[in-house]
Every structure is written in structure tokens, then in C-alpha cells.
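In terms of numbering that gives the first Met the number 0, the sequence shown has 22 at position 23, counting the first letter as 1, and numbering is strictly consecutive. Positions of the beta carbon are idealized from the N, C-alpha and C atoms, including for glycine. The structure appears right after this line, and notes come after that.
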Amino acid sequence: MLKIRFPDVTRKERGDADFTISNYDEFKKECLSKGFSLIKRKAIELIKLTDSKFKVRVYFSNPFLDKQLNLN
Numbered sequence: 000m001l002k003i004r005f006p007d008v009t010r011k012e013r014g015d016a017d018f019t020i021s022n023y024d025e026f027k028k029e030c031l032s033k034g035f036s037l038i039k040r041k042a043i044e045l046i047k048l049t050d051s052k053f054k055v056r057v058y059f060s061n062p063f064l065d066k067q068l069n070l071n
């Protein structure tokens, strides 16, 4: 699945990727203390990874993106 975002002037990174993983809860327990941050919203939770050495950011979303977009 490819999700296209509109440019965001508040974020200077060159890339932004969203991933879904089947073992989200396990991944969350293992990675949150290693430079990842948690974003909680009403119907979605995201784990964000950024590194100042790279001009990209990565999100791991729960529930899966297809459920968020009602594609299933």
C-alpha cells in the first residue's frame, strides 16, 4: 500500500515512511526506550523514530493502515 502525504512545512525531513507490523505490542515494549517515541491519538497509536543524523522519519502504526483508511 502506498500512502501519499501533502508536504508539511513544519517538518524538514526528506522522507516519511509508515509501516505496520503484526507484533505491534511486542515491538512497542522492546523499542520505546531506544530512541523511539509514542504518539497516542483517539483512534490510533504511532511509534515514531527520528534520528538527527538522517533526514527521514518513520512511523509504526496501530491499528494497521488499511483499517485506519477502511480499506478492508
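Burial state of residue i, where buried means 16 or more other Cβ atoms lie within 10 Å
i: Phe-59; result: buried
Limits of the unbroken alpha helix (DSSP H) element including residue i
i: Tyr-59; result: It should be noted that the sequence gives Phe, not Tyr, for residue 59. Phe-59 -> not in any alpha helix (DSSP H); beta strand (DSSP E) instead, spanning 55-61.
i: Lys-27; result: 23-30
C-beta neighbour in chain B for residue i, strict 8 Å
i: Arg-40; result: Protein chains in the displayed structure number just one, and chain B is not present.
Residue i - containing beta strand (DSSP E), residue span
i: Lys-39; result: 35-39
i: Thr-49; result: 44-49
Identity of the residue in the options nearest residue i by Cα
i: Val-57; options: Phe-5, Thr-9, Val-8, Asp-17; result: Asp-17
i: Glu-44; options: Lys-54, Pro-62, Asp-50, Ser-51; result: Pro-62
i: Ile-46; options: Asn-22, Phe-5, Val-8; result: Asn-22
Opposing strand residues paired with residue i [DSSP bridges]
i: Phe-18; result: Phe-59
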